[in-house]
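Peer 1: Protein chains in written order, with this note's numbering: chain A, 1 to 568; chain B, 1 to 568.
To start, I am sharing the structure in question, which I have written as structure tokens.
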């Protein structure tokens, strides 16, 4: 069996390379089965990545991945095969490119659409410094829907530099790719017309392709031709790959095998979103749902099937989706925009400018909020409470469990202002009473002089655990409040509390979140306020519980601080 | 003379319409001369707007402006002529479309690229509700560079609805339009090829044009044809207009007359940016400058002329510009990205994901920070301290005057991490000592028990004024500190202060800004902390001093609070 290494790729015969691809596929499949990760996109890109390593001279030449979840073969070929079994594990290899991990990773990614801008910057710096290497962007067709790619394409004629864009066209984002560009690409897999090619050439790049990216015999010469052509001008090589290639079940279920997580017994909030939204929509024809290429992961498959006319997956276009929601709401409809916490960062300006500036009743269903674990820095949803806290007209809700999430969704249907509901991936159904906007809930009431405000399921669980330890070890009890609205705060309840020690817990960075808001409320009150949330740092990949422990939400630390201040 | 009104437009002869256009132009010119505002873009769009009001049936049909600064003729024709002299004045007409102002304004705008997404949302809502009206987007060619437009274009084939896009092509953003799309549009003003047309048709819209948008004889029939064609499919009508049309000096200086402000005697920070950056760049070839279509307004014309190879205006592409900067920095260059505070909201995710996530030494020069006055809600730079405060790896500086801004720029050249410097448009040169990262400066030291931390020139001026009043009326003095870094805070200085009453002033919303940070620092210290900044609301257009007074930074209010707490 061929050893997986960069060197082997350079000298091997085509037949040997095919064997290597089989081996890489097996390695990826086996590792992802254990560690979780992105399966089908990586399986589809094995030959393409092998081909790039064969034809180009990394790390002198620079390979920039878009999104980056398809980088496993690249990692295996660049000196990281021995550590590959640590993929996505705490302290192990990241599931995304990381400059800190290898000189073969020249630019960190995680969100869609950045690769071409990044390549242009790297190439321009090269030109200015008089250096000589090649810069290659590897971009999926899903990312090509993103506005950032277009902005970069449009600036090719401004920047006057040369890069190679590999369009890895597997017809899929996480959901199937959609839209006008996709239709053109579909045609271009066969005989393409001058008009189709013009779509790219108008921007000043040379279109080459399409080639079968799972066939090394066809792919390698195409890469060589592209390498030659990029000496003269920026080239787009259209490579068609099969997502999940190599295994029947991944080929047939590329969406289901896009990302795998180790199995857990917990429920997911996304299922409840789908169920409740469909239920509400049956009785309210104003309800529409919008996603940016994440229909399944957000639990909306059922809604989309039941209400196809009221369902919009606009592709990886978070900004457009926000404005679309604002406009739908401006005409009296009731849009629900489901999205992951970190991806909503892309629509930050549109939340302010379009939705809240016009005070329109758009509901943001923000999934994967809080630490999200194995995907690492770019996917940790730990900023949303901070970036939503200061936007006028916005209400921000944080359910304590799935049952309360359902109540909040029910309440949202008649709410006539912008609303954000943020929740983690997994949770428990639990029980919940009716929810009123801006009202907290006292979950555990005592005569103690300590009150703890916690937001969301994880922090309420942590609160219970902190309380148990305080009771057991120190004979101290405390009152626990479900601080389910960051905005508006329950000022009535806050004002009524008589405790002298106030503690807050939130699954968000500490700066600018719930703790800041409650602390601001109690300013100059004479109360002691202790706030706990994540430190001012990017959270790496790791287990959620471990990240909480290490980055500011450790039980012992919290207990220790409470005991220290309670005894003063 | 013809009365300026919607009705008149419907019944007039072409000759009368031409007279009306002259009158509208005069009205716009005279009003902008007094009130300030956008001149050349409005002068260029007079005939086009008159034509739209002639051919379509507003407000039943919906007209969505992109950016919206070209809406003056529309306002004059929709019942607002009598109030037009109040344009951009406090309590008067907004310089942008406002739903709250007229039923003829169906969607609020201010930032670029939203119109097509908004139109698609409005049209889709119409379809779902079974209503019957036409939806028209009026988009400048500058906005067509923005990624949002592309995301919307790409979703035409997903959304299956019909709108009319008027591409108002005057070859300019605020700076001249650039890039591949612009080149195609330039060709299409003459005989255009099938390939040029394909650029649009691939997205599922019908290209019509180009027509001369300043010639009613050519324009009106074209609008009628487009109106008919949009019954069948989404149409893009390419209208070529002359920015500044009608007056020799605006025709010849469209950039200089894009936006006019009533003259003031003050200096602008942008001039200092241009001077210092050029000076630094002469000795440091790593320095490059990036803007998103705002070279002149940001003071970088001189830099661009002196260092053309190190200057990049990428068009209205705030996100792309950010990633480009990150990538340039990843290769050892030193990028300066100059941008307005509210427009940087568009690049929020890229600041986190690309720049700070990789801890790259990009310097953001954030102009028009704080209340920005007459442009209103969408242009008030009052969120930046809040949205920058919680981003790991970022340093945030706020100069006290232009001299200190120069010092900060000098310091930035050797700073190897992300840095944001935020400042208002106008200021005074003043004097400054050397600046050290994260160090405050005591400006006025007393033995008083009150210390006031203020950030930026406006708030330091307010601080002096507050102090004067306290001294004169109440015999109270206070210490004034120039809190020139939001992040990192000067923890050493903060810890050393013995005063029991702490006051903060910032030209930013109060939530999540400097006051929150300082208050967090002093939590549980026993000190009384009073924070002042803008209320949790969108600030309308008005004089900066008046906005400060009304929305949380009024001198009397601050003095009153200080007196109240100091006497406790």
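Every residue, glycine too, gets a C-beta built ideally from N, C-alpha and C.
Quick caveat, the model's predicted, so the values are computed rather than measured.
Look up residue 422 of chain A in the DSSP assignment and give the residues it is bridged to.
Peer 2: A:366
Peer 1: Spell out whether any CB of chain A is found under 9 Å from the CB atom of residue 1 of chain B.
Peer 2: No answer about residue 1 of chain B holds up, because its pLDDT of 41 lies below 50 and its placement is not dependable.
Peer 1: For residue 53 of chain A, which option in A:11, A:354, A:82 has the closest C-alpha, if you only look at C-alpha atoms?
Peer 2: The residue from A:11, A:354, A:82 with its alpha-carbon nearest to that of residue 53 of chain A is A:11.
Peer 1: At least one CB of chain B closer than 9 Å to the CB of residue 104 of chain A: is that the case?
Peer 2: It does not: the Cβ of residue 104 of chain A has no partner Cβ on chain B nearer than 9 Å.
Peer 1: Determine the contact status of residue 429 of chain A and residue 272 of chain A, defining contact as a CB-CB distance below 9 Å.
Peer 2: yes
Peer 1: If contact means a Cβ-Cβ distance below 9 Å, which residues of the segment 312-324 of chain B contact chain A?
Peer 2: From the segment 312-324 of chain B, only 312, 313, 314, 315, 316, 317, 318, 319, 320, 321, 322, 323, 324 have a Cβ closer than 9 Å to chain A.
Peer 1: Starting from residue 346 of chain A, find everything on chain B with Cβ-Cβ shorter than 7 Å and list it in chain order.
Peer 2: 349
Peer 1: Need the endpoints of the alpha helix (DSSP H) that residue 54 of chain A sits in, please.
Peer 2: 46-55
Peer 1: Please go through the same chain and pick out, in chain order, the residues whose beta-carbon is closer than 6 Å to the beta-carbon of residue 196 of chain A, but skip the five residues on each side of it.
Peer 2: 184, 187, 188
Peer 1: Can you name the start and end residues of the alpha helix (DSSP H) that residue 323 of chain A belongs to?
Peer 2: 318-330
Peer 1: Would you mind reading off the limits of the beta strand (DSSP E) that contains residue 545 of chain A?
Peer 2: Careful: residue 545 of chain A lies outside any beta strand (DSSP E), inside the alpha helix (DSSP H) at 544-550.
Peer 1: Please confirm whether any heavy atom of the ligand GTP lies closer than 8 Å to the CB of residue 536 of chain B.
Peer 2: Among the components modelled here there is no ligand, and therefore nothing to report on the ligand GTP.
Peer 1: Specify whether the segment 430-442 of chain A and the segment 370-379 of chain A touch according to this definition: at least 3 beta carbon pairs, one from each stretch, less than 8 Å apart.
Peer 2: no
Peer 1: Using 10 angstroms around the beta-carbon of residue 425 of chain A, count the other beta-carbons present and answer buried if the total reaches 16, otherwise exposed.
Peer 2: buried
Peer 1: Residue 65 of chain A: buried (16+ other C-beta within 10 angstroms of its C-beta) or exposed?
Peer 2: Buried: at least 16 other Cβ atoms inside 10 Å.
Peer 1: Between the segment 517-533 of chain B and chain A, which residues of the former have CB atoms less than 7 Å from a CB of the latter, in chain order?
Peer 2: Correct list: 519, 520, 523, 524, 528, 529.
Peer 1: Using only alpha-carbon positions, find the residue among A:24, A:31, A:113, A:111 that is nearest to residue 77 of chain A.
Peer 2: A:24
Peer 1: Step through the CB atoms of chain B and report whether any lies within less than 9 Å of the CB of residue 410 of chain A.
Peer 2: no
Peer 1: Would you mind telling me which residues of chain B sit closer than 9 Å to residue 586 of chain A, beta carbon to beta carbon, in chain order?
Peer 2: The question about residue 586 of chain A has no answer, for chain A in this structure spans 1 to 568.
Peer 1: Output yes if chain B places a C-beta closer than 9 Å to the C-beta of residue 375 of chain A; else output no.
Peer 2: no
Peer 1: Along the chain, where does the beta strand (DSSP E) that runs through residue 508 of chain B open and close?
Peer 2: 501-509
Peer 1: Span of the alpha helix (DSSP H) holding residue 553 of chain B?
Peer 2: First-last for residue 553 of chain B: undefined, no H or E at that position.
Peer 1: In whole angstroms, what separates the C-alpha of residue 497 of chain B from that of residue 490 of chain B?
Peer 2: 11 Å
Peer 1: Indicate whether at least one CB of chain A lies closer than 9 Å to the CB of residue 136 of chain B.
Peer 2: no
Peer 1: Which chain B residues sit within Cβ distance under 7 Å of residue 358 of chain A?
Peer 2: 99, 108
Peer 1: Establish whether the CB of residue 189 of chain A and some CB of chain B are separated by less than 9 Å.
Peer 2: Not a single C-beta of chain B is nearer than 9 Å to the C-beta of residue 189 of chain A.
Peer 1: Looking at residue 511 of chain B: is its Cβ nearer than 9 Å to the Cβ of residue 386 of chain B?
Peer 2: Against a cut-off of 9 Å, the Cβ pair of residue 386 of chain B and residue 511 of chain B comes out as a contact.
Peer 1: Among B:329, B:320, B:525, whose alpha-carbon lies nearest the alpha-carbon of residue 344 of chain B?
Peer 2: B:320
Peer 1: Under 8 Å: do the segment 311-319 of chain B and the segment 399-410 of chain B share three or more Cβ pairs, one atom per stretch?
Peer 2: Judged by Cβ distances under 8 Å, the segment 311-319 of chain B makes no contact with the segment 399-410 of chain B, as fewer than three pairs qualify.
Peer 1: Beta-carbon within less than 7 Å of residue 218 of chain B's beta-carbon, same chain only, minus the 5 sequence neighbours each way: which residues are those?
Peer 2: 211, 212
Peer 1: What are the boundary residues of the beta strand (DSSP E) that includes residue 197 of chain B?
Peer 2: First-last for residue 197 of chain B: 194-201, but that is the alpha helix (DSSP H), not the beta strand (DSSP E).
Peer 1: Given a cut-off of 9 Å on the beta-carbon distance, is the pair residue 135 of chain A and residue 167 of chain A in contact?
Peer 2: no
Peer 1: Which residue or residues does DSSP assign as beta-bridge partners of residue 313 of chain B?
Peer 2: B:291
Peer 1: Who are the near neighbours of residue 322 of chain A in its chain, counting only those whose CB is closer than 7 Å to its CB and skipping five residues on each side?
Peer 2: 337, 347, 350, 351, 354, 355
Peer 1: Interface residues of chain B around residue 114 of chain A at Cβ under 8 Å?
Peer 2: 323, 350, 353, 354
Peer 1: For residue 162 of chain A, name the three-state secondary structure that DSSP assigns.
Peer 2: coil
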